[in-house]
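Residue numbers (the working numbering): 285 to 535.
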Ligand code: ADP
């Protein structure tokens, strides 16, 4: 079987996080062009929600779940992230990439905010047909709390294992995980507490870099390392050359 790559596009890369669902089409076109030029046989894309979904989820308090009679937030939030997904898929397809959107709201079940299941048989079939599934952070129905938000980073952690991914990359709007102004070249679970990235990690109340690192350290422990790099280095990551970012490793 050929090498399988999972690439996540950060919400901060593809949307303007300071505005309400403003999609960064220029950045999306650059990303699509870089992917279409790379010699990649089998690729799964995941993207964050950025400003399409997070404001809605917050407005309706989805982090606390949902109860009967107060479910509008589920529909409204899913519609916002789906709109972004459609824009991502459309841009990829205009570059000749055989992309198709997959919505976790339709295919996943969670409990207490964590994914319990995600149907992958159709993803396997799509990869066999050389299609590019494009999956996104989404609302997912939750057995304990009614509904929850499953982040793109949680999806990366789950799908990398479920799909037997060989290489995982996260494209973001910074050059890697930063300790002050410096990129941390390698992060392992043992050294993570000693790094001075604590304060900036805490700036994002929705999990931000801290949530991302927890997912990626868990993934590394499961035997799959990952790379975090600036979006302009997607070509380097896909081609397996140095990208100047951070490697998250198991040891
Ligand atoms: P998401 O899909 O969760 O929005 P992104 O990759 O777009 O993921 O966002 C990660 C964000 O984390 C970046 O915009 C960056 O500014 C922020 N961040 C906070 N702390 C750090 C840190 N120590 N190193 C790197 N990025 C950090």
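Just so it is clear, CB atoms sit at the ideal spot from N, CA and C, and this is done for glycine as well.
Asked, Found
"Limits of the alpha helix (DSSP H) - the one that residue 292 falls within", "No alpha helix (DSSP H) contains residue 292, which is instead part of the beta strand (DSSP E) from 288-293."
"Residue 535 versus residue 510: straight-line alpha-carbon distance, rounded", "13 Å"
"C-beta atoms of residue 320 and residue 379 nearer than 7 Å", "yes"
"Own chain partners of residue 502 with C-beta closer than 8 Å, once the 5 adjacent residues on each side are dropped", "441"
"Residue 493 classed as buried or exposed, judged by whether at least 16 other C-beta atoms fall within 10 angstroms", "buried"
"Contact test: residue 458 Cβ vs the ligand ADP heavy atom, cutoff 6 Å", "yes"
"Any non-hydrogen atom of the ligand ADP within 6 Å of residue 335 CB", "no"
"Counted within 10 angstroms of its Cβ, other Cβ atoms place residue 531 as buried (16 or more) or exposed", "buried"
"Buried or exposed by the 16-neighbour rule on C-beta atoms within 10 Å, applied to residue 485", "Residue confidence for residue 485 is low, a pLDDT of 42 falling below 50, so the modelled location carries little weight; the figure read from the coordinates is stated next. The residue is buried, with at least 16 neighbouring Cβ atoms inside 10 Å."
"Residue 319, DSSP secondary structure in three states", "helix"
"Residue 511 in three-state terms, based on DSSP", "strand"
"Any non-hydrogen atom of the ligand ADP within 6 Å of residue 462 CB", "yes"
"Where residue 417 sits in the DSSP three-state scheme", "strand"
"Alpha-carbon to alpha-carbon, residue 409 and residue 304", "35 Å"
"Range of the contiguous beta strand (DSSP E) that encloses residue 386", "383-386"
"The ligand ADP heavy atom lying under 6 Å from the CB of residue 415", "no"
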